[in-house]
Amino acid sequence: MAVEEPEHGESLLRLYDDALPRVFGYLRNRCESHSAAEELTSETFLAAVSQIRRGVLDEVTIAWLIGIARHKLLDHWRRGDSRATDSFDPALPPNDPALHEDPWDAVLDQHRVAVVLAELGAHHRSALTLRYVDGLPVADVAETLGRTLHATEALLVRARLAFRRLYEGSDQ
Amino acid sequence: MSSAFDSLRRIDLPGPVDTRFASELKQRVGVALGLDDASPSSPPPLSAPDRSTMSPQIVPQTITPYLCVRDGRAALDWYRTYFGAAVSNVFDTDGKVGHAELEFGGAVFYLADEFPEIGFLAPTTVGPGHSHLMVVRVADIDGIVARALQGGASATPVAEEHGSRNSSVVDPYGHQWKLGSPVVSAVEASSRRAPSEPYYLTLTTPDVERGAAFYGAVLGWEFSEPFNGGRHVENTKTPIGMRPPVNPFSTTAPGEITMWWVARDFDAAVQRVRDAGGSVESMNTYDSGREAVCLDNQGIEFRLSEPAPGYDVQR
Numbered sequence: 027m028a029v030e031e032p033e034h035g036e037s038l039l040r041l042y043d044d045a046l047p048r049v050f051g052y053l054r055n056r057c058e059s060h061s062a063a064e065e066l067t068s069e070t071f072l073a074a075v076s077q078i079r080r081g082v083l084d085e086v087t088i089a090w091l092i093g094i095a096r097h098k099l100l101d102h103w104r105r106g107d108s109r110a111t112d113s114f115d116p117a118l119p120p121n122d123p124a125l126h127e128d129p130w131d132a133v134l135d136q137h138r139v140a141v142v143l144a145e146l147g148a149h150h151r152s153a154l155t156l157r158y159v160d161g162l163p164v165a166d167v168a169e170t171l172g173r174t175l176h177a178t179e180a181l182l183v184r185a186r187l188a189f190r191r192l193y194e195g196s197d198q
Numbered sequence: 153m154s155s156a157f158d159s160l161r162r163i164d165l166p167g168p169v170d171t172r173f174a175s176e177l178k179q180r181v182g183v184a185l186g187l188d189d190a191s192p193s194s195p196p197p198l199s200a201p202d203r204s205t206m207s208p209q210i211v212p213q214t215i216t217p218y219l220c221v222r223d224g225r226a227a228l229d230w231y232r233t234y235f236g237a238a239v240s241n242v243f244d245t246d247g248k249v250g251h252a253e254l255e256f257g258g259a260v261f262y263l264a265d266e267f268p269e270i271g272f273l274a275p276t277t278v279g280p281g282h283s284h285l286m287v288v289r290v291a292d293i294d295g296i297v298a299r300a301l302q303g304g305a306s307a308t309p310v311a312e313e314h315g316s317r318n319s320s321v322v323d324p325y326g327h328q329w330k331l332g333s334p335v336v337s338a339v340e341a342s343s344r345r346a347p348s349e350p351y352y353l354t355l356t357t358p359d360v361e362r363g364a365a366f367y368g369a370v371l372g373w374e375f376s377e378p379f380n381g382g383r384h385v386e387n388t389k390t391p392i393g394m395r396p397p398v399n400p401f402s403t404t405a406p407g408e409i410t411m412w413w414v415a416r417d418f419d420a421a422v423q424r425v426r427d428a429g430g431s432v433e434s435m436n437t438y439d440s441g442r443e444a445v446c447l448d449n450q451g452i453e454f455r456l457s458e459p460a461p462g463y464d465v466q467r
């Protein structure tokens with residue numbers, strides 16, 4: 027049985043005033059509404075408490091809290107995605123033409139970026155958000171999504187294509 | 153490959169967190185941890201704005217100016233510091249601000265660095281002259297102009313025109329603004345003041361001891377020890393006194409009730425008495441504060457009080 031670390035609880039409370047605006051800021055910039063961001067912020071801190079209680083933690087940091095927030099955000103999108111999303115992207119064969127996308131060096135209108143991201147299926151939106159909005163390396167995206175590296179690369183290829191198709195469509 | 157995607161990178165500014173949400177969640181976290189002595193949170197650090205004044209809800213705005221600046225990051229700081237703008241949704245594009253949102257004066261503005269490849273250029277690049285200026289109503293024109301000048305903006309002196317006190321401001325990023333606060337007329341201003349509350353009243357009774365016995369029995373008043381021939385009632389919300397017809401300060405008729413009304417802007421209130429057709433008979437200073445004995449425009453006496461520190465509390 028895991029031993030609860032009382033110091034971690036105290037650390038979380040000490041860190042709270044600094045961490046809260048960071049966690050909330052992260053979620054608010056990716057959420058459709060202020061209230062959804064508050065809801066996910068609450069879920070994040072309460073999930074942090076239960077991780078502390080399970081005693082599976084080395085250190086209480088803001089980065090760790092943002093990591094939890096990231097998972098809460100992905101769950102939120104999954105819950106809100108009414109389409110039966112393709113939650114499993116099979117890896118593309120190495121000679122699939124999709125792997126050789128044209129480089130896309132358009133200047134993107136950031137306002138439309140947000141709209142297009144929100145229109146994508148949850149799995150595409152999640153992959154693009156982690157990789158490009160959050161700037162995570164592909165390996166970290168794979169770990170966060172619980173996929174293999176290769177499956178994640180394929181997912182990103184599809185997500186980029188889907189994004190570009192929607193974005194260029196929305197231009198007209 | 154897919155370099156356009158690199159411009160999705162987002163820089164996350166902290167907050168803005170609602171202070172009540174912050175302290176309630178802290179409480180929940182403390183309880184969940186079994187550390188329920190968690191004190192309510194102090195307001196979050198940094199510039200987390202109060203939601204009641206900045207309205208995070210989408211403003212019903214059908215046109216949004218998109219400002220182009222050189223050095224977007226510094227510009228965001230400037231607008232935050234000197235215009236009091238709330239900054240949100242800052243996107244990074246190749247180390248430049250690709251998009252950001254400012255809220256100030258009840259309006260939303262977008263802002264980005266220059267993108268010469270699409271002809272998006274800052275006024276400081278384009279050169280002198282303005283194709284437009286932004287007219288924004290602000291709460292405190294004098295304060296904002298003073299701050300903007302400190303921040304290196306140029307501004308015309310605040311002057312009244314069209315029912316508004318305005319200044320033309322050019323900020324250090326070359327954008328031109330016409331900022332103004334509506335002129336509040338004296339009549340409007342006086343109707344907007346909080347109404348005066350009772351400060352103190354005295355009841356004149358021929359025999360204070362008999363009066364105290366009677367009103368104590370009938371109204372439940374509790375009285376202080378006698379002083380200056382009278383007594384204070386000690387257990388009512390509005391302080392009350394019972395006095396004899398003659399005390400060291402004045403003479404009143406038996407049965408007369410004398411009212412004091414709170415006037416926090418004492419000198420202005422005294423002036424308003426005269427402006428409204430009343431008169432000021434005398435001004436006195438007591439431990440409890442300044443007093444003006446006044447007659448209204450029909451000759452009835454009333455008194456204004458400026459409570460001294462420590463006397464300013466209703467029980």
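The listed protein sequences derive, respectively, from chains S and L.
Offset between the first sequence (1-based) and this note's numbering: plus 26.
Offset between the second sequence (1-based) and this note's numbering: plus 152.
Think of the CB as a built atom: it goes at the ideal place given N, C-alpha and C, for glycine as much as any other residue.
Source: prediction; values computed, not measured.
Item                                                                                                                                            : Value
Rounded separation between residue 192 (chain L) and residue 72 (chain S) - CA only                                                             : Reliability fails at residue 192 (chain L), whose pLDDT of 38 lies under 50, so the model's placement of it is uncertain and the value that follows must be treated cautiously. Roughly 17 Å separates the two Cα atoms.
Backbone CA spacing between residue 374 (chain L) and residue 386 (chain L) [nearest angstrom]                                                  : 6 Å
Simplified DSSP assignment, three categories, for residue 136 (chain S)                                                                         : helix
is_contact[residue 266 (chain L), chain S] using C-beta, thresh 8 Å                                                                             : no
Exposure of residue 196 (chain L), with buried meaning 16 or more beta-carbon neighbours within 10 Å                                            : Per-residue confidence for residue 196 (chain L) stands at a pLDDT of 30, beneath the threshold of 50, marking its modelled position as unreliable; no derived number is given.
Option nearest residue 55 (chain S) by Cα separation, candidates L:170, L:444, L:252                                                            : L:252
Assumed close pair residue 150 (chain S), residue 184 (chain S) - CB separation to whole angstroms, cut-off 8 Å                                 : 7 Å
Cβ distance (whole Å) where residue 432 (chain L) is taken to contact residue 425 (chain L) below 8 Å                                           : 6 Å
In chain order, each alpha helix (DSSP H) run of at least 4 residues that lies wholly inside the region 339-406 of chain L                      : 360-371
Counted within 10 angstroms of its Cβ, other Cβ atoms place residue 389 (chain L) as buried (16 or more) or exposed                             : exposed
Exposed unless 16 or more other CB atoms sit within 10 angstroms - verdict on residue 61 (chain S)                                              : exposed
Classification of residue 210 (chain L) by the beta-carbon crowding that lies within 10 angstroms, buried from 16 upward                        : In this prediction, residue 210 (chain L) has a pLDDT of 41, which is less than 50 and means its spatial position is unreliable; nothing more can be read from the coordinates.
Listed by chain order, chain L residues near residue 136 (chain S) by CB distance under 7 Å                                                     : 243, 250, 251
Those residues which DSSP pairs with residue 162 (chain L) across a bridge                                                                      : L:243
is_contact[residue 106 (chain S), chain L] using C-beta, thresh 8 Å                                                                             : no
9 Å Cβ cut-off: residues of chain S touching residue 270 (chain L)                                                                              : 133
Contacts around residue 50 (chain S), its chain only, beta-carbon distance under 7 Å, and the 5 residues preceding and following it disregarded : 63, 67
Residues bridged to residue 449 (chain L) [DSSP beta-bridge criterion]                                                                          : DSSP output for residue 449 (chain L) lists no bridge partner at all.
Beta-carbon proximity check, residue 335 (chain L) vs residue 312 (chain L), cutoff 8 Å                                                         : yes
CA nearest to the CA of residue 347 (chain L), picked from L:172, L:456, L:427                                                                  : L:456
Contact with chain S by residue 178 (chain L), beta-carbon distance below 8 Å                                                                   : yes
Member of L:430, L:355, L:436 whose CA lies at the smallest distance from the CA of residue 451 (chain L)                                       : L:430
CA nearest to the CA of residue 379 (chain L), picked from L:401, L:368, L:449                                                                  : L:401
Chain-order list of residues whose beta-carbon lies under 8 Å from that of residue 319 (chain L) (same chain, five-residue window excluded)     : 293, 297, 307, 308, 309, 310, 311, 330, 331, 332
Contact with chain L by residue 58 (chain S), beta-carbon distance below 8 Å                                                                    : no
Environment of residue 382 (chain L) [buried if 16+ CB atoms lie within 10 Å]                                                                   : buried
Whether residue 256 (chain L) touches residue 236 (chain L) by CB criterion (8 Å)                                                               : yes
Backbone CA spacing between residue 246 (chain L) and residue 180 (chain S) [nearest angstrom]                                                  : 25 Å
Residue span of the alpha helix (DSSP H) that contains residue 183 (chain L), given as start and end                                            : 171-184
Buried or exposed (CB count within 10 angstroms, at least 16 for buried), residue 349 (chain L)                                                 : exposed
Rounded C-alpha distance that separates residue 444 (chain L) from residue 435 (chain L)                                                        : 4 Å
Residue 269 (chain L), buried or exposed, once every other Cβ within 10 Å from all chains shown has been counted against 16                     : exposed
Among L:280, L:441, L:259, L:219, nearest to residue 290 (chain L) - alpha-carbon criterion                                                     : L:259
For residue 152 (chain S) and residue 158 (chain L), the rounded distance between their alpha carbons                                           : 16 Å
Below-8 Å beta-carbon distance, residue 129 (chain S) vs any chain L residue                                                                    : yes
Among L:370, L:393, L:369, L:366, the one whose alpha carbon lies nearest that of residue 376 (chain L)                                         : L:393
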